[in-house]
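Taking the working numbering, the leading residue of the sequence shown gets 15, the next gets one more, and so forth.
For every residue, glycine included, the Cβ atom is placed at its ideal position computed from N, Cα and C.
Accompanying notes for the structure given below.
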Amino acid sequence: MSYNISITKVEKSKVDALDFNNIPLGTTFTDHMFVCDYENGTWTKARIVPLGLIPTHPAAMALHYGQAIFEGMKAYKDTEGAPMLFRPEQNAKRLNKSADRMGMPNVPEELFVDGLKELVGLEHNWIPPQQGSALYLRPFMYADEPFIGMRAATHYKFIIMASPAGPFFSKHIKLWAEKQYIRATLGGTGEAKAAGNYAAAIRPTELAKAKGYDQVLWLDAVEHKYIQEVGTMNIFFKIKGEFITPELDGSVLHGITRASVIEMLKAMNYNVTERKIGIDEIKSASENGTLEEAFGTGTAVGIAYIKEIGLEGETIPVSDESPVGLEVNDTLNAIKTGQLQDRFGWMTKVKKKLV
Ligand code: COI
């Protein structure tokens with residue numbers, strides 16, 4: 015089924031005012047947004063409208079009970095200037111997995127992808143051509159039914175916004191291994207991309223930043239020992255030539271960049287193991303010289319190279335060099351921008367629309 019999406023355009027685009035060389039993530043938004051309502055058990059009124067405020071009832075259930083989930087993805091331009099999406103169907107699937115966990119309705123995959131394509135086609139002039147930059151896309155769903163009481167809402171909004179973004183980290187970063195606060199526990203919402211997971215991470219992240227670290231390295235909720243993920247990314251370690259990343263045990267986000275990097279590393283003939291990995295194992299590998307490199311993977315960050323980890327007042331040095339991470343990053347960027355053949359079949363072309 016193909017969805018009928020009505021389009022109301024702005025009179026004049028704001029894109030000419032954008033400095034494409036200076037766009038920190040999440041600070042600038044494009045002219046339009048895609049909006050769709052869930053009412054009477056079905057998605058209706060799919061539309062693209064000028065980006066603007068949305069009237070919200072103070073009893074909207076998302077504000078009280080937290081039924082709010084989101085996705086993060088990026089659009090790029092290929093060598094001919096055609097807009098491209100990276101694995102959009104994977105984001106649709108993950109949004110619905112999050113929706114299932116949070117008692118929210120699924121968004122049909124076709125509606126998700128059609129909405130994205132229409133929006134990106136219309137906003138193609140906002141895709142930064144600079145290497146490492148992209149048009150960040152934020153599909154999200156929240157309960158907008160006004161009601162006081164604990165049950166699943168019956169009305170929701172599904173919205174896609176677009177925000178041009180430059181590179182996230184330009185240097186090697188430092189992580190703080192968090193022993194007091196936790197992000198997720200088995201049976202919780204850790205693998206859902208739920209707004210509440212990020213809310214719970216804000217205070218510990220502020221504390222880590224105050225100590226001079228860039229992001230929190232989350233440990234398991236029971237023993238405060240096994241590594242789960244990092245603030246806005248999954249994590250990979252290279253020890254004695256092999257890559258290790260924490261297994262998806264229910265508390266870790268199913269990163270689409272994570273899955274893609276696993277495929278790429280295997281294609282480069284590296285062994286990649288998904289398993290439990292303790293912070294003590296990383297510490298020993300650092301001490302005995304077998305910890306070769308580490309990097310985080312995520313949509314917003316891309317690949318973020320890790321130079322050290324702070325653990326209870328001591329420092330675990332990782333590496334100032336990340337040769338494999340760098341190669342993976344360059345290859346991934348080249349695939350996303352059409353400079354390298356898309357041998358994994360990850361890219362989806364979007365038709366340009368004249369603004
Ligand atoms: C992303 O990487 O797209 C995320 O959703 C993380 C976000 C908090 C910046």
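Whole-number beta carbon distance between residue j and residue i, since they are thought to touch under 8 angstroms
i      : j      : result
SER336 : GLU307 : 4 angstroms
HIS138 : LYS366 : 5 angstroms
LEU136 : ILE62  : 6 angstroms
GLU322 : PRO331 : 5 angstroms
LEU279 : PHE257 : 5 angstroms
PRO181 : ILE141 : That pair is no contact at about 15 angstroms.
GLY310 : VAL230 : Contact doesn't hold; Cβ gap of about 11 angstroms is too wide.
GLU326 : SER265 : Actually they are not in contact, since the Cβ atoms of GLU326 and SER265 sit about 22 angstroms apart, beyond 8 angstroms.
ALA73  : ILE162 : 6 angstroms
6 angstroms Cβ shell around residue i - same chain, five flanking residues per side excluded
i      : result
ASP228 : ILE187 and LYS188
ALA157 : MET75, ALA76, GLN81, ALA167 and TYR170
ALA235 : ILE196 and THR199
GLY352 : ASP92 and THR93
Backbone CA spacing between residue i and residue j [nearest angstrom]
i      : j      : result
LEU346 : VAL315 : 13 angstroms
GLU237 : ILE293 : 11 angstroms
GLY146 : ILE349 : 12 angstroms
ASN283 : ASN302 : 25 angstroms
GLU288 : ASP33  : 41 angstroms
GLY210 : THR219 : 14 angstroms
GLY55  : ALA191 : 43 angstroms
ALA215 : ALA281 : 34 angstroms
TRP57  : PRO260 : 36 angstroms
ILE317 : MET247 : 9 angstroms
PHE100 : MET361 : 5 angstroms
SER333 : GLY202 : 33 angstroms
PHE183 : ALA60  : 35 angstroms
MET87  : LEU39  : 12 angstroms
ASP92  : GLY324 : 40 angstroms
GLU277 : GLU25  : 44 angstroms
GLN242 : LYS171 : 31 angstroms
VAL364 : ASN343 : 23 angstroms
THR70  : PRO160 : 9 angstroms
TYR90  : PRO178 : 10 angstroms
LEU262 : ASP30  : 43 angstroms
TYR319 : VAL275 : 14 angstroms
ASN36  : MET164 : 44 angstroms
Residue(s) in a DSSP beta bridge with residue i
i      : result
ALA82  : TYR156
PRO178 : LEU149
SER129 : Here residue 129 turns out to be Gly, not Ser, going by the sequence shown. None, per the DSSP bridge assignment.
HIS46  : PRO64
TRP57  : TYR52
PRO337 : For PRO337, which the question treats as bridged, DSSP gives no partner whatsoever.
LEU325 : GLU328
Nonlocal neighbours in the same chain, by C-beta distance under 7 angstroms from residue i, ignoring five residues either side
i      : result
LYS207 : ILE83, PHE84, GLU85, ARG108, SER112 and LEU267
ASN110 : ASN120 and VAL121
VAL338 : LYS252 and GLU307
LYS254 : THR304
ILE19  : ALA60, ARG61, ILE62, ASP128, GLY129 and GLU132
Between the stretch 97 to 106 and the stretch 122 to 135, do three or more beta carbon pairs fall short of 8 angstroms? Taking one beta carbon from each stretch, the stretch 97 to 106 and the stretch 122 to 135 have 3 or more pairs nearer than 8 angstroms; the two touch.
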